[in-house]
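Here is the structure we will look at.
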Amino acid sequence: EDKVVQSPLSLVVHEGDTVTLNCSYEVTNFRSLLWYKQEKKAPTFLFMLTSSGIEKKSGRLSSILDKKELFSILNITATQTGDSAIYLCAQSPNAGGTSYGKLTFGQGTILTVHP
Amino acid sequence: NAGVTQTPKFQVLKTGQSMTLQCAQDMNHEYMSWYRQDPGMGLRLIHYSVGAGITDQGEVPNGYNVSRSTTEDFPLRLLSAAPSQTSVYFCASRNRGENQPQHFGDGTRLSIL
Chain A
854 EDKVVQSPLS
864 LVVHEGDTVT
874 LNCSYEVTNF
884 RSLLWYKQEK
894 KAPTFLFMLT
904 SSGIEKKSGR
914 LSSILDKKEL
924 FSILNITATQ
934 TGDSAIYLCA
944 QSPNAGGTSY
954 GKLTFGQGTI
964 LTVHP
Chain B
1012 NAGVTQTPKF
1022 QVLKTGQSMT
1032 LQCAQDMNHE
1042 YMSWYRQDPG
1052 MGLRLIHYSV
1062 GAGITDQGEV
1072 PNGYNVSRST
1082 TEDFPLRLLS
1092 AAPSQTSVYF
1102 CASRNRGENQ
1112 PQHFGDGTRL
1122 SIL
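Have a look at this one:
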């Protein structure tokens, strides 16, 4: 059974701190790993990672995948109060076309950034 | 620029009642999915569809039915609501093709008394 585990489950930091969120996975057929940010409503897409060692970057956020060790990290530098959210990690399987509607999510990391 | 639209946003039901959560997308996406989100458990897949007329079960399908008569709509039906189905429900869609991310609606918060 496919499984995604995130750590820590919650994190409290102050503005300006750098945080690292972890995501490990066990999947039968891996295709891609995705990161989402969820504030009050819908999860919004951050990154999709398919290849090991290639960093994806968007502003203060970056992410990288290690397919050998089966994990990914999401880094946020110089955190701001607007970064407070639940960060979700999910994996998409490679099991043929019918798998494309499926994502397996981790529990999420609740990040709180204090001023 | 609607994207994925879910209705209603909130609903309270009594045990045993039935209802349909609506989901519509205007991006011509072939793939659509329903998830439920419970505290400490992330999002879990209920049912998904890879095109009109084609649906399949996800991780937690019991108690829910779906159908996909058009590309745009993917309703989720609760035939006999139970308190264990109290949750936040998200609909998502994505385009065909490799490495396409899913886009989520704003969710329906459902309480079963």
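Which chain is which? The protein sequence lines are A and B, in order.
Take the first sequence: its letters are residues 854 to 968, numbered as in my numbering.
Take the second sequence: its letters are residues 1012 to 1124, numbered as in my numbering.
Glycine is no exception: its CB is placed at the ideal position from the N, C-alpha and C atoms.
For clarity, every value in this text was computed on a predicted model and none was experimentally measured.
Beta-carbon proximity check, residue i vs residue j, cutoff 9 Å
| i | j | result |
| --- | --- | --- |
| B:Y1042 | B:L1054 | no |
| A:D919 | A:G906 | yes |
| B:F1101 | B:Q1033 | no |
| A:Q944 | A:V880 | yes |
| A:L874 | A:L864 | yes |
| A:S937 | A:S925 | no |
| B:V1077 | B:S1060 | yes |
| A:K894 | B:G1027 | no |
Buried or exposed (CB count within 10 angstroms, at least 16 for buried), residue i
| i | result |
| --- | --- |
| A:T962 | buried |
| A:G959 | buried |
| B:G1069 | buried |
| B:H1040 | buried |
Chain B within 9 Å of residue i, Cβ atoms only
| i | result |
| --- | --- |
| A:G961 | yes |
| A:S885 | yes |
| A:P946 | no |
| A:V865 | no |
| A:Y878 | no |
9 Å Cβ cutoff, residue i in contact with chain A
| i | result |
| --- | --- |
| B:P1072 | no |
| B:N1110 | yes |
| B:Q1022 | no |
| B:A1013 | no |
| B:S1044 | yes |
Close Cβ partners of residue i (< 8 Å) along its chain, the five nearest in sequence each way excluded
| i | result |
| --- | --- |
| B:L1056 | S1044, W1045, Y1046, G1069, E1070, V1071 |
Cβ-based neighbour list, residue i, same chain, cut-off 6 Å, excluding 5 preceding and 5 following
| i | result |
| --- | --- |
| B:Q1113 | A1103, R1105 |
Near the ligand NAP: residue i beta-carbon under 8 Å from a heavy atom
| i | result |
| --- | --- |
| A:R884 | With respect to small molecules bound, the structure shown includes none, and the ligand NAP cannot be examined in it. |
7 Å Cβ shell around residue i - same chain, five flanking residues per side excluded
| i | result |
| --- | --- |
| B:F1065 | The sequence given here has Ile at residue 1065 of chain B, not Phe. Cβ neighbours of B:I1065 beyond the five flanking positions: R1079. |
| B:P1019 | T1119 |
| B:T1097 | L1121, S1122, I1123 |
Listed from N- to C-terminal order along the chain, which residues in the segment 893-911 of chain A have their beta-carbon within a distance smaller than 7 Å of any beta-carbon of chain B? Listed in chain order, the positions of the segment 893-911 of chain A with a beta carbon within less than 7 Å of a beta carbon of chain B are K894, A895, P896, F898, M901, T903.
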